[in-house]
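Peer 1: Would you mind keeping the following structure in view while I ask a few things?
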Amino acid sequence: MSEALLHGFFRSGASYRVRIALGLKGIAYDNASYSLRDGAQRSPAFLALNPQGLVPALEIDGAVLTQSLAIIEYLDETHDGPRLLPTDPILRAKVRAAAQTIACDTHPIQNLKVLGWVRALGQDEAGVNAWGARVIEEGFAALDTFIAPYAGKFCFGDDVTLADVCLVPQLVNARRFGVKDIPARLLAIEETCLALPAFDAARPENQPDAHFGAYHGRYRLRHVFRRSDPRRCGAGGPFGRAGALRRRFAPQSDPVLSR
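Count along the sequence shown starting at 1, add 38, and that's the number in the working numbering.
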């Protein structure tokens, strides 16, 4: 199988999901980063990969895959590692439903594009943030109730599933929007997930473009960062060329991460 190239952005929740899945599956990949706030994902070069102009896109096995859940299911079906979807049909449908509660009915309604529309309708930043927070709070309340009969260390028992891969990035977004009332069960699952190297290495602050963007200004062209095998990534996240950038430019307080 060919090497993988992930087109994404460090703060993109959908890209974060795919990074986690790549790590869990032990798939080495390179990162092509696009500054979403500068509209780099709308460039002709990226639109040729994904006509939606949305990240992530994953080049792997001679194909370009889009939509994070479709990408993750492909990885789950074609690569070794923990199975992210159960073999039991009913439980598999339940896991997909939990994942889609986040990926289809929560995250898209508070993403960059929709928030732009909310601003265009006359909302100030306080109103925009309140919109995002309410959407996430409602999604979390529904998810917490839904997984209650099945939850263990993770959303469904004691094995990582697609639901956990979707939950952890959404908790990052929740904190960005100032959500305070996060169900304790979801926080406990997050803590368990982040103790796993694949989840830890995938954190936004552990990505090379987190610090590259802060110190080189907003960039309109893609930047490719070479990464090593994620199975060797520990708490420090990326290394090699990407790690060198991270070490060189890592600030005490990163303004790009402050929102």
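Even glycine gets a Cβ: it sits at the ideal position worked out from N, Cα and C.
Values in this document were obtained by computation on a predicted structure and should not be read as measured data.
Considering only heavy atoms of the ligand ZN, does any lie closer than 8 angstroms to the CB of Trp169?
Peer 2: What this structure holds is no ligand at all, so the ligand ZN is not there to describe.
Peer 1: Looking at the secondary structure, which residues open and close the beta strand (DSSP E) in which Asn69 lies?
Peer 2: Start and end: 67–71.
Peer 1: CB-CB under 8 angstroms to Leu153, same chain, minus the five flanking residues each way: which ones, in chain order?
Peer 2: Closer than 8 angstroms at Cβ, skipping near neighbours: Val166, Trp169, Gly170.
Peer 1: Along the chain, which unbroken stretches of the alpha helix (DSSP H) at least 4 residues long are found entirely within the region 109–178?
Peer 2: For the region 109–178, whole alpha helix (DSSP H) runs of length 4 or above, ordered along the chain, are 127–141, 150–158.
Peer 1: Tell me whether the beta-carbon of Ile174 lies closer than 9 angstroms to the beta-carbon of Thr144.
Peer 2: Against a cut-off of 9 angstroms, the Cβ pair of Thr144 and Ile174 comes out as a contact.
Peer 1: In whole angstroms, give me the CA-to-CA distance for Ile98 and Ala70.
Peer 2: Using only the alpha carbons, I get a separation of about 13 angstroms.
Peer 1: Alpha carbon to alpha carbon, what distance is there between Ala78 and Gln299?
Peer 2: Examination of residue 299 is not possible in this model, given that the chain is present from 39 through 297 alone.
Peer 1: Select from Leu74, Arg75, Val156, Val56 the residue whose C-alpha is nearest the C-alpha of Ala66.
Peer 2: Of the candidates Leu74, Arg75, Val156, Val56, the one whose C-alpha sits nearest the C-alpha of Ala66 is Val56.
Peer 1: Please state the DSSP three-state secondary structure of Thr230.
Peer 2: It is helical.
Peer 1: What residue range is occupied by the uninterrupted beta strand (DSSP E) comprising Ile220?
Peer 2: From DSSP, Ile220 is part of no beta strand (DSSP E); its letter is neither H nor E.
Peer 1: Just the C-alpha distance for Ala180 and Ala59, rounded to the nearest angstrom, thanks.
Peer 2: About 24 angstroms.
Peer 1: Opposite Val102 in the DSSP bridges: which residues?
Peer 2: Partner(s): Glu97.
Peer 1: Leaving out the 5 sequence neighbours to the left and right, which residues in its chain are closer than 8 angstroms to Ala189 when beta-carbon positions are compared?
Peer 2: Counting only Cβ-Cβ distances below 8 angstroms, and skipping sequence neighbours, we find Gly195, Arg223, Ile227.
Peer 1: Quick one: Cα of His117 to Cα of His45, how far?
Peer 2: Each residue's Cα considered, the two are about 20 angstroms apart.
Peer 1: Taking only three categories from DSSP, how would you classify Gly51?
Peer 2: Helix at Gly51.
Peer 1: Could you check which residue in Ala186, Pro124, Leu96 has the C-alpha nearest to that of Ser106?
Peer 2: The option with the nearest alpha carbon to Ser106 is Leu96.
Peer 1: Using 8 angstroms for Cβ pairs, my map puts Ile110 next to Val203. What's the rounded Cβ distance?
Peer 2: Right, the Cβ-Cβ distance comes to about 6 angstroms (below 8 angstroms), so this counts as a contact.
Peer 1: Is it buried or exposed for Leu62, if we count other Cβ within 10 angstroms and need 16 for buried?
Peer 2: Classification for Leu62: buried.
Peer 1: If you count every other CB in all the chains shown that lies within 10 Å of the CB of Thr125, and 16 or more means buried, which is it?
Peer 2: By the 10 Å Cβ count, Thr125 comes out exposed.
Peer 1: In angstroms with no decimal places, state the Cα-to-Cα distance between Ala83 and Val217.
Peer 2: Going from the Cα of Ala83 to the Cα of Val217 covers about 36 angstroms.
Peer 1: Who are the near neighbours of Ala136 in its chain, counting only those whose CB is closer than 7 angstroms to its CB and skipping five residues on each side?
Peer 2: Leu181, Phe184, Ile185, Cys193, Ala201.
Peer 1: Going by Cα to Cα distance, which pick from Pro221, Ala52, Ala239 is closest to Ala141?
Peer 2: Considering only alpha carbons, the answer is Ala52.
Peer 1: Sort Lys132, Tyr54, Ala42 by Cα distance to Cys239 and report the nearest one.
Peer 2: In the sequence under discussion, the amino acid at residue 239 is Ala, which differs from the Cys named in the question. Nearest C-alpha to Ala239: Tyr54.
Peer 1: Looking at the secondary structure, which residues open and close the beta strand (DSSP E) in which Leu85 lies?
Peer 2: Leu85 -> not in any beta strand (DSSP E); alpha helix (DSSP H) instead, spanning 82–87.
Peer 1: Taking the Cβ atom as the reference point for each residue, do Ala42 and Asp76 lie within a distance shorter than 9 angstroms?
Peer 2: Not a contact, by the Cβ cut-off of 9 angstroms.
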